[in-house]
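Asks: Handing you a structure now.
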Amino acid sequence: QLQLQESGPGLVKPLETLSLTCTVSGGSISSSDYYWGWIRQPPGKGLEWIGTIYYSGSTYYNPSLKSRVTIFVDMSKNQFSLKLSSVTAADTAVYYCARHLVTIFGVLTRLNWFDPWGQGTLVTVSS
Amino acid sequence: QSALTQPASVSGSPGQSITISCTGTSSDVGGYNYVSWYQQHPGKAPKLMIYDVNNRPSGVSNRFSGSKSGNTASLTISGLQAEDEAVYYCSSYTSSTTLVFGGGTKLTVL
């Protein structure tokens with residue numbers, strides 16, 4: 001059974017870089033069928049897609065966060081990671097990682113559903 | 001990209017059916033059959049309930065069904081049960097090669 005687990009600091013200072021890692025167990029991150037994604041949820045608010053990566057390193061990012069986001073894969077550890085720079089209080093959220101189905105039709109890419117999800121980790125931005 | 005539009009709340013009594021709408025544009029919901037629905041209980045991670053508009057993952061009750069007409073997708077829950085009380089989110093692929101979520105709908109089982 002595939003499981004994902006987020007890890008990283010729960011408190012980050014304003015203007016610093018938020019760094020989180022998602023460890024995948026029960027399956028390989030280098031599976032050719034799936035991508036891997038990050039989603040966040042500010043307290044009491046809705047879900048926001050952050051970005052998605054394939055094991056080869058191909059990435060897709062939310063345009064509203066793209067200038068501050070980097071997602072990368074470490075196949076040797078079966079992990080993928082998120083870095084979000086220059087954080088502010090608005091970046092305070094529960095951050096989830098999830099397996100992401102991305103459908104490819106030749107040169108066309110279709111971002112689809114997330115399943116399963118990690119349990120999420122709360123990151124607070126505060127001095 | 002703008003979030004998809006969902007009603008803030010819906011309610012129903014046990015045994016009844018409810019429908020949650022998710023309205024987008026021709027650049028997302030209306031243009032592609034890549035609409036998904038997620039259920040989130042308080043303090044828990046979202047759970048995939050419907051994918052590709054009207055498909056249920058293994059293990060999801062057949063009381064949950066999805067549909068789409070034009071730019072609006074819908075999630076219907078029949079035979080409401082107390083355990084269905086949760087927040088439901090829709091999501092869709094967009095023509096900008098991004099993914100957008102709805103604002104969420106809180107379902108109350110009376």
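Protein sequences appear in the order of chains A and B.
Quick note: the first sequence uses the numbering used here, first residue 1, plus one each step.
Quick note: the second sequence uses the numbering used here, first residue 1, plus one each step.
For every residue, glycine included, the Cβ atom is placed at its ideal position computed from N, Cα and C.
The structure displayed is predicted, hence computed values, not measured ones.
Please specify which runs of the beta strand (DSSP E), each continuous and at least 3 residues long, are wholly inside the segment 70 to 94 of chain B, giving them in chain order.
Replies: Qualifying beta strand (DSSP E) stretches, in chain order: 72 to 77, 86 to 94.
Asks: Does any residue of chain A bring its CB to less than 9 Å from the CB of B:S91?
Replies: Residue 91 of chain B sits at position 91 when you count from the first residue of the second sequence. Yes - at least one Cβ of chain A is within 9 Å of the one on B:S91.
Asks: For B:V100 versus B:G24, is the C-beta spacing smaller than 9 Å?
Replies: As a position in the second sequence, residue 100 of chain B is number 100, starting the count at 1. As a position in the second sequence, residue 24 of chain B is number 24, starting the count at 1. Result yes, Cβ atoms of B:V100 and B:G24 sit closer than 9 Å.
Asks: Work out the CA separation of A:Y96 and B:K44 for me, nearest whole Å.
Replies: In the second sequence, the residue the question calls residue 44 of chain B occupies position 44. In the first sequence, the residue the question calls residue 96 of chain A occupies position 96. One C-alpha to the other measures close to 11 Å.
Asks: Do three or more CB pairs link the segment 1 to 21 of chain A to the segment 60 to 69 of chain B at distances below 8 Å?
Replies: No, they do not touch.
Asks: Excluding the 5 residues flanking A:I29 on each side, which residues of the same chain have their C-beta closer than 8 Å to its C-beta?
Replies: Sequence index remark: in the first sequence, residue 29 of chain A carries index 29 (1-based). Result list for A:I29: W36, Y55, V73, M75, N78, Q79, F80, in chain order.
Asks: If you count every other CB in all the chains shown that lies within 10 Å of the CB of B:T98, and 16 or more means buried, which is it?
Replies: Position 98 of the second sequence, counted from the first residue, corresponds to residue 98 of chain B. Classification for B:T98: buried.
Asks: Is it true that the CB of B:S11 sits closer than 9 Å to the CB of B:T108?
Replies: The count along the second sequence starts at 1 and reaches residue 108 of chain B at position 108. The count along the second sequence starts at 1 and reaches residue 11 of chain B at position 11. Closer than 9 Å, so yes.
Asks: With DSSP as the reference, label A:A98 as helix, strand or coil.
Replies: What you label residue 98 of chain A is simply residue 98 of the first sequence in a count that begins at 1. It is a strand residue.
Asks: Since B:S26 and B:Q6 are thought to touch, with beta carbons under 8 Å apart, how far apart are those beta carbons, to the nearest angstrom?
Replies: Against the second sequence, residue 26 of chain B aligns to sequence position 26. Against the second sequence, residue 6 of chain B aligns to sequence position 6. The Cβ separation is near 18 Å, so there is no contact.
Asks: For chain A, is any of its Cβ atoms less than 9 Å away from the one on B:P7?
Replies: What you label residue 7 of chain B is simply residue 7 of the second sequence in a count that begins at 1. No, its Cβ sits nowhere closer than 9 Å to a Cβ of chain A.
Asks: Quick one: list the residues of chain A neighbouring B:L75, beta-carbon separation under 7 Å, in chain order.
Replies: As a first step, residue 75 of chain B must be located in the second sequence, where it is residue number 75. Those within 7 Å of B:L75 in chain A number zero; the least Cβ separation is about 14 Å.
Asks: Under a three-way DSSP split, which group does A:K45 fall into?
Replies: Your numbering for residue 45 of chain A matches position 45 in the first sequence. A:K45: coil per DSSP, three-state reduction.
Asks: Determine, for A:W113, whether the minimum Cβ-Cβ distance to residues of chain B falls below 9 Å.
Replies: Along the first sequence, one-based indexing puts residue 113 of chain A at 113. With 9 Å as the cut-off, A:W113 counts as an interface residue toward chain B.
Asks: Could you have a look at A:D74 and say whether DSSP puts it in helix, strand or coil?
Replies: As a position in the first sequence, residue 74 of chain A is number 74, starting the count at 1. In this structure, A:D74 counts as strand in the three-state DSSP scheme.
Asks: Quick one: is A:Q119 near chain B, going by C-beta distance under 9 Å?
Replies: Counting from one through the first sequence, the residue named residue 119 of chain A turns up at place 119. By this cut-off, A:Q119 is an interface position.
Asks: In the DSSP assignment, find the beta strand (DSSP E) that holds B:L110 and state where it starts and stops.
Replies: Residue 110 of chain B sits at position 110 when you count from the first residue of the second sequence. Looking at the DSSP string, B:L110 is not in any beta strand (DSSP E), and its letter there is neither H nor E.
Asks: For the segment 12 to 35 of chain B, enumerate the residues whose C-beta is nearer than 8 Å to any C-beta of chain A, in chain order.
Replies: For the segment 12 to 35 of chain B, which is checked against every Cβ of chain A, the residues closer than 8 Å are Y32, Y34.
Asks: Does A:T70 have its Cβ less than 9 Å from a Cβ in chain B?
Replies: Numbered from its first residue, the first sequence carries residue 70 of chain A at position 70. So, not an interface residue.
Asks: Quick one: list the residues of chain B neighbouring A:G46, beta-carbon separation under 8 Å, in chain order.
Replies: Position 46 of the first sequence holds residue 46 of chain A. In chain order: A3, Y89, F101, G102, G103, G104.
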